[in-house]
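Last residue of the sequence shown: 241 in the UniProt record's numbering, with the numbers rising by one and none dropped.
Using N, Cα and C, we set each Cβ at its ideal position, and we do this for glycine too.
All values derive from a computational prediction rather than experimental measurement.
This report concerns only the one structure given below.
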Amino acid sequence: MEGIKLREFLHEGAIIRTKHCNSSSWVTNVVYSINDDYIEIDIGLERDYIQNIIMIGDTIKCKYTSDDYEFTLRGWVTRINLDIPQSITIKIHDIERFVNKRDSYRFDVYLASVIKLKNSDEKGIFAILTNISHTGAAFTVKEDLEKELGITFLEDNERTFIFVIYISPEKQITFEGTLKRKCDNEKGKEYGVRITDIDIENEKVLVEFLEKLANKDKEFYNKRSGFWSKNSKYKLGGENK
């Protein structure tokens, strides 16, 4: 965190993603206020945190993406305000900054998937899709994919794999891709994937799915605009709590 200040990349009204320590799901939030090492975010339009029984002292992970960088923030809950507008105050104790190498916006999703060496393989490795875009995706698996498939992972390896994403029991997206990144997470191993080949029918399903996610985000932003108009105390440039 040393050398990185919150106000260097965040501002009141910014949209961030947050995740409670007891949940695997990311929640979209708006930043109400910021100071040196605290941020205040909304819970008024999202019930996820109440359902996860959030408490003072719980750990929260946040992420924010700009055109140039991706920021990961970690902190703990210091205040829960249940008066309208409801909010959570988080004391940030760690900030990591990474160069944003993605060439298209990633949507956070959680869908059952299968990873296979070849399209003709009847069985594959169960995985959870955690984000997706027009050009790439990320998957989490319980154990090392290399061990499960009997391969060696190399970031510059152009070996391709088959990825099948189950949008619903009746609808799937299948594409070919290469592994570009590997890291540990709370559930196992996460792999970043670059899409290298997708046929016309699957691309059509992917585009429709991404448009649906984009419309959902647009609805969220519209709700936030309504919130700012009703709560002038939290408007951009307004007084912080």
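| field | C-alpha gap between Thr18 and Lys216, whole angstroms | value | Along the sequence shown, one-based indexing puts residue 18 at 18. Along the sequence shown, one-based indexing puts residue 216 at 216. Distance between the alpha carbons of Thr18 and Lys216 is about 17 Å.
| Taking Cβ to Cβ, would you say Ile88 is nearer than 7 Å to Ile95? | Stepping through the sequence shown from its first residue, residue 88 is reached at position 88. Stepping through the sequence shown from its first residue, residue 95 is reached at position 95. Not a contact, by the Cβ cut-off of 7 Å.
| task | Could you tell me the distance, in whole angstroms, from the CA atom of Leu45 to the CA atom of Trp76? | result | Counting from 1 along the sequence shown, the entry for residue 45 is found at position 45. Counting from 1 along the sequence shown, the entry for residue 76 is found at position 76. With a pLDDT of only 49 at Leu45, under 50, the local geometry of the prediction cannot be trusted, and no value is derived from it.
| message | With H, G and I counted as helix, E and B as strand and the rest as coil, what does DSSP make of residue 242? | response | Nothing about residue 242 can be reported from this structure: the residues present for the chain run from 1 to 241 only.
| message | Using a Cβ-Cβ cutoff of less than 8 Å, which residues in the same chain neighbour Asn100 once the five nearest sequence positions on both sides are dropped? | response | Position 100 of the sequence shown, counted from the first residue, corresponds to residue 100. So the qualifying residues of the chain are Thr65, Ser66, Asp67, Asp68, Tyr69, Glu70.
| query | Mind checking whether Ala112 and Glu190 have CB atoms under 7 Å apart? | reply | Position 112 of the sequence shown, counted from the first residue, corresponds to residue 112. Position 190 of the sequence shown, counted from the first residue, corresponds to residue 190. Taking 7 Å as the Cβ cut-off, Ala112 and Glu190 do not qualify as a contacting pair.
| message | Measuring straight from C-alpha to C-alpha, what distance separates Ile195 and Thr178? | response | What you label residue 195 is simply residue 195 of the sequence shown in a count that begins at 1. What you label residue 178 is simply residue 178 of the sequence shown in a count that begins at 1. Between Ile195 and Thr178, the C-alpha separation is close to 7 Å.
| said: Do Val205 and Ile162 count as a contact pair if the criterion is CB distance below 7 Å? | reply: Numbered from 1 along the sequence shown, position 162 holds the residue referred to as residue 162. Numbered from 1 along the sequence shown, position 205 holds the residue referred to as residue 205. Cβ distance not < 7 Å, so Ile162 and Val205 don't count as in contact.
| said: For Ala14 and Leu73, I'd like the C-alpha separation in whole angstroms. | reply: By 1-based counting over the sequence shown, the position of residue 14 is 14. By 1-based counting over the sequence shown, the position of residue 73 is 73. The alpha-carbon atoms of Ala14 and Leu73 are separated by roughly 14 Å.
| request: Select from Tyr32, Tyr110, Asp36 the residue whose C-alpha is nearest the C-alpha of Ile43. | output: Position 43 of the sequence shown, counting from 1, holds the residue named residue 43. Among Tyr32, Tyr110, Asp36, the Cα nearest to that of Ile43 is on Tyr32.
| query | Would you say Ile125 and Ile115 are within 7 Å of each other, going by their C-beta atoms? | reply | Mapped onto the sequence shown, residue 125 falls at position 125. Mapped onto the sequence shown, residue 115 falls at position 115. Yes, these two residues count as a Cβ contact at 7 Å.
| Under the three-state reduction of DSSP, which class applies to Ile88: helix, strand or coil? | Taking the sequence shown and counting its residues from 1, one reaches residue 88 at position 88. Ile88 falls in the strand class under three-state DSSP.
| said: Residues in the same chain with beta-carbon distance under 6 Å from Leu6, minus the five sequence neighbours each way, listed in chain order, please. | reply: Here residue 6 corresponds to residue number 6 of the sequence shown, with the count starting at 1. Ile34, listed in sequence order.
| query | Taking C-alpha atoms, which residue in Val193, Glu170, Trp26 lies nearest to Arg181? | reply | Taking the first residue of the sequence shown as 1, we reach residue 181 at position 181. Here the closest residue by C-alpha is Val193.
| task | For Asp197, collect the residues of the same chain with a Cβ closer than 6 Å to its Cβ; drop the 5 residues on either side in sequence, then sort them by chain order. | result | Position 197 of the sequence shown, counted from the start, is the residue given in the question as residue 197. Within the same chain, Asp197 has close Cβ partners Glu176.
| field | Sequence-distant residues of the same chain with beta carbon closer than 6 Å to Lys123, five excluded per side | value | The sequence position of residue 123 within the sequence shown is 123, counting from 1. Result list for Lys123: empty, nothing under 6 Å.
| field | Candidates Glu40, Asp36, Ser23, Asn22, of which the one nearest Ile16 by Cα | value | Residue numbering aside, residue 16 sits at position 16 when the sequence shown is read from its first letter. Ranking the options by Cα distance to Ile16, first place goes to Glu40.
| field | Where the alpha helix (DSSP H) through Lys147 begins and ends | value | Residue numbering aside, residue 147 sits at position 147 when the sequence shown is read from its first letter. Start and end: 145-149.
| query | Should Val109 and Ala127 be called a contact, given that it needs their Cβ atoms to be closer than 7 Å? | reply | Here the question's residue 109 lines up with position 109 in the sequence shown. Here the question's residue 127 lines up with position 127 in the sequence shown. For Val109 and Ala127, no; Cβs fall outside 7 Å.
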